[in-house]
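J.: According to full-length UniProt numbering, the sequence shown holds residues 1 to 428 in order. Glycine included, each C-beta is placed from N, C-alpha and C at the ideal position. The structure's right below; bear with me while I get my questions together.
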Amino acid sequence: MIDINLLRNNPDLVRENIRKKFQDKKLPLVDEILGLDAKKRELQKEGDALRAKRNAVSAEIGKFMKEKRKEDAEKAKAEVVAVNERIAEIEREAEEVSSRLKQDMMSIPNIIADDVPIGKDDSQNVERRRFLEPAEKPFEVPYHMDILDKLGGIDIDSARRTSGQGFYYLIGDVARLHSAVLTYARDFMIDKGFTYVIPPFMIRSDVVSGVMSFEEMDGMMYKIEGEDLYLIGTSEHSMIGRFMNTVLDADALPLTLTSYSPCFRKEKGAHGIEERGIYRIHQFEKQEMIVICKPEESSDWFEKLYSYTVELFVSMNIPVRTLECCSGDLADLKYKSIDVEAWSPRQKKYFEVGSCSNLTDAQARRLGIRYKTEKGNVFAHTLNNTVVAPPRMLIALLENHLNEDGSVNIPEVLQKYMGGKSIILPKK
């Protein structure tokens, strides 16, 4: 959510930002907000004037009674009753206006960075840099589900019977490799100075509306029936929600946290063969990184965060590239975003394995996350980034380290988490 003072003072900037994000249907909201804001201030002014009048008239009642001016006292009492009725009307109207104003403000996208490329969707994202040269395989790389089947590492048919489409059982060394990646990612981030956290896996609706836009919520979140609780789509949700309505000590910033959680997503829509299997699923696990910092620090932290994901993948000998997300591919709260994509030897192209975002103060403003300064409390900046999400990362690892006989080499950095194993052999 942007600062309403920005919209009051520079509505044309807000309109231009909406156009850059190809959300022209939201343009009428700017004038609607300005009207609601003016109405709210008008009601506030009238209410303050009436409260002052009520106090003055109430003071006169005692004076009239003391002077035995009963008729004047009764008139004054009637006037106080009328003033109270109007104040009650104003308060009801002001509450309604404030609610509509807040909802409209939460629909206005965050102002994007000046250097964000302008484009309608992810097809117009811009490549930044590549890391490690993809190795040419002297054989055809099978579909990832076939690799997993040959290793005896997956049972998707049973998962369909127990849970439906979009779930799976990982088995044996593949399941162990999945856990090894998460454990390595946890230790990797701890070594970077981050504090490890395991957060709640369910959050209330006021946290959900604080961490994401309404459109994202509808497309992602599972609601617990009969409860004001949602399953998290990423640990960022509950990690940031932890600081809702708090005023932090400036000396405690930046807060650098890394969190593990299962994640639950609806993942609506149909997808091609490469996005079936374990690529796009309803339940997965992830290691995340979160930073809460001062505004002047967020640009530097943004560069650091996505570089950590690149470093992690390179340490496992998986080629990656970074993509600058264009304006139309940025969620409403995002100021700037970089995707990290891993090389797929099967598809001969890169696919997304992580995303790093700077949300400036948009998320903090929704949630009320501030820190103390000499001039008063200031909204913090929040950033988040995927360290690793094993289902997609697992596909990249299996494809890049696959041998012609169906075995998979285990990267050296993971071997200590695999009991010293250096290879996973196919089942006979």
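#1: Helix or strand or just coil, what does DSSP make of ILE203?
#2: Going by DSSP in three states, ARG86 sits in which element: helix, strand or coil?
#3: In this structure, does DSSP put VAL126 in helix, strand or coil?
#4: Per DSSP, what kind of secondary structure is GLY62 in: helix, strand or coil?
#5: May I have a chain-ordered list of the beta strand (DSSP E) segments no shorter than 3 residues that lie completely inside the segment 299 to 360?
#6: What span of residues does the alpha helix (DSSP H) with PHE188 cover, start to end?
#7: Going by other Cβ atoms of all chains shown within 10 Å of its Cβ, with 16 needed for buried, is MET1 buried or exposed?
#8: Please name the residue, chosen from SER259, MET244, VAL97, that lies closest to TYR196 on a Cα-to-Cα basis.
#9: Rounded to whole angstroms, what's the CA-CA distance from SER235 to ASN400? Just pull it up for me.
#10: Consult DSSP for residue 443 and reduce its assignment to one of helix, strand or coil.
#11: Distance, Cα to Cα, ALA270 vs ASP48?
#12: Taking buried to mean at least 16 other C-beta atoms within 10 Å of its own C-beta, is ASN110 buried or exposed?
#13: Less than 8 Å between the beta carbons of ARG321 and PHE131, yes or no?
#14: Can you tell me which of GLY210, GLU227, LEU231 puts its alpha carbon nearest to the alpha carbon of MET220?
#15: Find out if the Cβ-Cβ distance for the pair ARG370, VAL207 is shorter than 8 Å.
#16: Can you list, in chain order, the stretches of the beta strand (DSSP E) that have 3 or more residues and sit fully within the segment 356 to 422?
#17: LEU394 and ILE278 look like a contact to me (Cβ under 8 Å); what is the Cβ gap, rounded to whole Å?
#18: Count the other CB atoms within 10 Å of the CB of LYS375; is the residue buried (16 or more) or exposed (fewer)?
#19: With a threshold of 7 Å on Cβ separation, who are the neighbours of GLY172 within its own chain once the five nearest residues in sequence on each side are excluded?
#20: Am I right that MET105 and ILE4 are in contact with their C-beta atoms under 8 Å? What's the rounded C-beta distance?
#21: For the structure I just gave you, are there three or more beta carbon pairs, one from the segment 284 to 299 and one from the segment 402 to 410, closer than 8 Å?
#22: Could you tell me if GLN103 is buried or exposed, where buried requires 16 or more neighbouring beta carbons within 10 angstroms of its beta carbon?
T.: On the basis of the supplied data:
#1: Against the sequence shown, residue 203 aligns to sequence position 203. Strand, per DSSP.
#2: Position 86 of the sequence shown holds residue 86. Of the three classes helix, strand and coil, the one that applies to ARG86 here is helix, per DSSP.
#3: Taking the sequence shown and counting its residues from 1, one reaches residue 126 at position 126. In the structure shown, VAL126 sits in a strand (DSSP, three-state: E or B).
#4: Here residue 62 refers to the residue found at position 62 of the sequence shown. Looking at GLY62 - three-state DSSP - the assignment turns out to be helix.
#5: The qualifying runs are 320 to 324, 336 to 344, 349 to 358.
#6: By one-based count along the sequence shown, residue 188 stands at place 188. Note, PHE188: alpha helix (DSSP H), 172 to 191.
#7: Here residue 1 is taken as the residue at index 1 of the sequence shown, counted from 1. Buried.
#8: Residue numbering aside, residue 196 sits at position 196 when the sequence shown is read from its first letter. That would be SER259, whose Cα lies nearest to the Cα of TYR196.
#9: Here residue 235 corresponds to residue number 235 of the sequence shown, with the count starting at 1. Here residue 400 corresponds to residue number 400 of the sequence shown, with the count starting at 1. Whole-angstrom Cα-Cα distance: 28 Å.
#10: A query on residue 443 cannot be resolved here, the shown segment of the chain reaching from 1 to 428 and no further.
#11: As a position in the sequence shown, residue 270 is number 270, starting the count at 1. As a position in the sequence shown, residue 48 is number 48, starting the count at 1. Interpretation of ALA270 is limited by its pLDDT of 45, a score under 50 that renders its predicted location unreliable; no figure is taken from the coordinates.
#12: Reading the sequence shown from its first residue, position 110 is the one you call residue 110. Burial check for ASN110: the Cβ neighbour count within 10 Å reaches 16 or more, so the residue is buried.
#13: What you label residue 321 is simply residue 321 of the sequence shown in a count that begins at 1. What you label residue 131 is simply residue 131 of the sequence shown in a count that begins at 1. Contact flag set, yes.
#14: Translated into the one-based positions of the sequence shown, residue 220 becomes position 220. Residue LEU231 is the option with its Cα nearest to MET220.
#15: If you number the sequence shown from 1, residue 370 lands on position 370. If you number the sequence shown from 1, residue 207 lands on position 207. Taking 8 Å as the Cβ cut-off, ARG370 and VAL207 do not qualify as a contacting pair.
#16: For the beta strand (DSSP E) assignment, the uninterrupted runs of no fewer than 3 residues enclosed by the segment 356 to 422 are, from N- to C-terminal side, 369 to 373, 376 to 379, 381 to 388.
#17: Position 394 of the sequence shown, counted from the start, is the residue given in the question as residue 394. Position 278 of the sequence shown, counted from the start, is the residue given in the question as residue 278. Confirmed, Cβ separation roughly 7 Å.
#18: In the sequence shown, the residue the question calls residue 375 occupies position 375. With fewer than 16 Cβ atoms within 10 Å of its Cβ, LYS375 is classed as exposed.
#19: For this step, residue 172 is matched to residue 172 along the sequence shown. The answer, listed in chain order, is GLY152, GLY153.
#20: The residue you call residue 105 lines up with position 105 of the sequence shown. The residue you call residue 4 lines up with position 4 of the sequence shown. With a Cβ gap of about 6 Å, MET105 and ILE4 count as contacting.
#21: Using a C-beta cut-off of 8 Å, the segment 284 to 299 makes no contact with the segment 402 to 410, since fewer than three inter-stretch Cβ pairs fall below that distance.
#22: Taking the sequence shown and counting its residues from 1, the one referred to as residue 103 is at position 103. Per the 10 Å Cβ criterion, exposed.
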